[in-house]
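Just add 189 to wherever you are in the sequence shown, counting from 1, and you've got the numbering used here.
Where is the CB? At the ideal position from N, CA and C, for every residue including glycine.
Written below as structure tokens is the structure these notes are about.
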Amino acid sequence: MVNGILNDKALEAARMALDGLSLRQEVVGRNIANVDTPGYTAQKVNFEDALNRFLRTGSKIQMETTTDAHQAVADRFNNIRVQSQRGGTRRADGNNVDIDAELGDMTQTVLRYQTLTSLSSSKLSLLKEIASRR
Numbered sequence: 190m191v192n193g194i195l196n197d198k199a200l201e202a203a204r205m206a207l208d209g210l211s212l213r214q215e216v217v218g219r220n221i222a223n224v225d226t227p228g229y230t231a232q233k234v235n236f237e238d239a240l241n242r243f244l245r246t247g248s249k250i251q252m253e254t255t256t257d258a259h260q261a262v263a264d265r266f267n268n269i270r271v272q273s274q275r276g277g278t279r280r281a282d283g284n285n286v287d288i289d290a291e292l293g294d295m296t297q298t299v300l301r302y303q304t305l306t307s308l309s310s311s312k313l314s315l316l317k318e319i320a321s322r323r
């Protein structure tokens, strides 16, 4: 019974989403740090499609990386896909980081992470309250 409650699909989805958001924040930070690096190609993280698949089917996120360099980081995050960001305007030095877009992504990611941790904490508090009354 307790194992079933702790393995709740919503909590598992929240954990996966928090992992994805955490990795996205790390990648956005790298993009910002390399805004002046000639030839740097911005990276992006996409975990939402796999998360939606998990919510529909219950199957775990199993994605891949685009290069070996991503493997160590991706292993910490259920192999969430980190890929080069296509499109955008390349400067003469070959860099395509859009600092305004990156700062917007960073803000949005922080807000989503905070909201999700708050909701998860509320759910766990409710479960703790229910368990303490038995």
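For residue i, count neighbouring C-beta atoms within 10 Å of its own C-beta (all shown protein chains included) and say buried if the count is 16 or more, exposed if not.
i, result
"E318", "exposed"
"Q270", "Note on residue identity: the sequence assigns Arg, not Gln, to residue 270. Under this definition R270 is a buried residue."
"N241", "exposed"
"A203", "buried"
Helix, strand or coil: how does DSSP classify residue i here?
i, result
"Q214", "helix"
"R270", "strand"
"I288", "helix"
"V224", "coil"
"M190", "Low local confidence applies: a pLDDT of 46 at M190 is under 50, so the model's placement there is unreliable, with the coordinate-based value given in what follows. Correct three-state label for M190: coil."
Between the options, which lies nearest to residue i when the distance is taken from Cα to Cα?
i, options, result
"A239", "A290, T296, T306 and M205", "M205"
"L207", "E237, T278, D289 and G293", "E237"
"Q297", "K198, L210 and E201", "L210"
"Q274", "L292, R322, T246 and Y229", "Y229"
So, at 8 angstroms on beta carbons, what are the nonlocal neighbours of residue i in its own chain, with the 5 sequence-adjacent residues on each side left out?
i, result
"R219", "Q232"
"V216", "Q232, K233, V234 and V271"
By Cβ distance below 7 angstroms, which residues in the same chain neighbour residue i in space, the five residues on each side in sequence not counted?
i, result
"D294", "V217"
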